[in-house]
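Numbering (the UniProt record's numbering), first residue to last: 1 to 69.
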């Protein structure tokens, strides 16, 4: 992971600097791209919250042993 981060971070910075001259933030393609990235990151956060974090609470002994809970 350290190697992957070390290699991809400078590449991403260089790509961002190269594209900053041609990027128009109000163009339809840019707005759609930003929207799709926001939707995918929000979906991942919801998945992590519901499946990974809450599932551990529902599988605990206290909750499984009580019919009322």
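Think of the CB as a built atom: it goes at the ideal place given N, C-alpha and C, for glycine as much as any other residue.
Could you give the residue range of the alpha helix (DSSP H) that holds residue i?
i, result
"residue 51", "No alpha helix (DSSP H) contains residue 51, which DSSP labels as neither H nor E."
"residue 8", "2-19"
I'd like to know whether the C-beta atoms of residue i and residue j end up nearer to each other than 9 Å.
i, j, result
"residue 24", "residue 18", "no"
Just the C-alpha distance for residue i and residue j, rounded to the nearest angstrom, thanks.
i, j, result
"residue 72", "residue 42", "Outside the modelled stretch of the chain, which goes from 1 to 69, sits residue 72, for which no answer is possible."
"residue 47", "residue 27", "30 Å"
"residue 55", "residue 5", "30 Å"
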